[in-house]
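J.:
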Amino acid sequence: GVPMTTVAFSTDAASELDALRAELATYRAGIAAITTVARQAAAGNLEPRAMGIDPHGPIGELAQAVNHLLDLSDAFVRESTASLQHASEGKFYRRVLQRGLLGTYSDAAVVINAANDQMHRGADQLKAAETARLRLADDFEVAIKGVVDELASAATGARGTAQGLSTSADSASQHSTSVAAAAEQASRGIDSVAAAAE
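Residue numbers for the sequence shown follow my numbering, so the first one is 1 and each next one is one higher.
1. What residue range does the alpha helix (DSSP H) around F76 cover?
2. Round the Cβ separation of I59 and Y27 to the nearest angstrom and send it over; I've been treating them as touching at under 8 Å.
3. Does the region 101-121 come within contact of the region 77-87, defined as at least 3 CB pairs closer than 8 Å?
4. Could you round the C-beta distance between A123 and G90 to whole angstroms and report it? I think they count as a contact, below 8 Å.
5. Does DSSP put G146 in a helix, a strand or coil?
6. Rounded to the nearest angstrom, what separates V37 and L97 at their Cα positions?
7. I'd like the list of long-range same chain contacts for D18, defined as Cβ closer than 7 Å, with 5 residues on each side in sequence excluded.
8. Could you check if A14 is buried or exposed, using at least 16 other CB atoms within 10 Å of its CB as the buried criterion?
9. So for A50, helix, strand or coil by DSSP?
10. Compute the Euclidean distance between the alpha carbons of L102 and H120, then round it to the nearest angstrom.
11. My output table needs one value for E198: the three-state DSSP class, helix, strand or coil.
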């Protein structure tokens, strides 16, 4: 016969082999789920998470670490996108929330918030320059209107002076004609006196 210890060893070996196979299947399934999630994230989809993996099992810690990384990445992308979207609309109050962001994520949030502040200052300066330009245009318009009014007034005055001069010239012309007529009459009178004297 077969000794008892050999049979017991074979039973223990078989059950140990079954346990190792089950553990290997758990690893394979977990790694496959994590790989799928990682590939989707690499393709730009930050929504999927490695789910259905026992957090206390051998792959659980890896799945939790990958999910946490995706949570941080997704939060950073959402925060920075919202901040920049608002800034593009001239709304500079929306900042990247740094709570929970560490390392490079936090550093990038600081840079984005500083850029947002700089854009806000630039927008305020542009508004001030536009206001000054509009005020200058209004002042220029008022000054030009004043010059035009003065020119119109001067033209009216010049027209009146020209009409006065024309009237004076007409009057002088009439007086000259009268003086010429009187001189001619006087000349005739002198001619008559001279003829009478002869």
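For every residue, glycine included, the Cβ atom is placed at its ideal position computed from N, Cα and C.
T.: Working from what's here:
1. As a first step, residue 76 must be located in the sequence shown, where it is residue number 76. That run of the alpha helix (DSSP H) goes G60 to S88.
2. Taking the sequence shown and counting its residues from 1, the one referred to as residue 59 is at position 59. Taking the sequence shown and counting its residues from 1, the one referred to as residue 27 is at position 27. Right, the Cβ-Cβ distance comes to about 6 Å (below 8 Å), so this counts as a contact.
3. yes
4. For the purposes of this step, residue 123 is taken as the residue at position 123 of the sequence shown. For the purposes of this step, residue 90 is taken as the residue at position 90 of the sequence shown. With 8 Å as the limit, A123 and G90 qualify as a contact, their Cβ atoms being about 6 Å apart.
5. Along the sequence shown, read from residue 1 onward, the residue named residue 146 stands at position 146. G146: helix per DSSP, three-state reduction.
6. On the sequence shown, position 37 is the one that residue 37 refers to. On the sequence shown, position 97 is the one that residue 97 refers to. If you take the alpha carbons of V37 and L97, they lie about 26 Å apart.
7. As a working mapping, residue 18 is identified with position 18 in the sequence shown. Once the five neighbours on either side are set aside, D18 has no close Cβ partner at all.
8. One-based indexing of the sequence shown puts residue 14 at position 14. So A14 ends up on the exposed side.
9. Here residue 50 is taken as the residue at index 50 of the sequence shown, counted from 1. In the three-state DSSP reduction, A50 falls in the coil class, being neither helix nor strand.
10. Here residue 102 corresponds to residue number 102 of the sequence shown, with the count starting at 1. Here residue 120 corresponds to residue number 120 of the sequence shown, with the count starting at 1. L102 and H120: Cα-Cα distance of roughly 26 Å.
11. Start at 1 with the first residue of the sequence shown, and residue 198 comes out as number 198. Correct three-state label for E198: coil.
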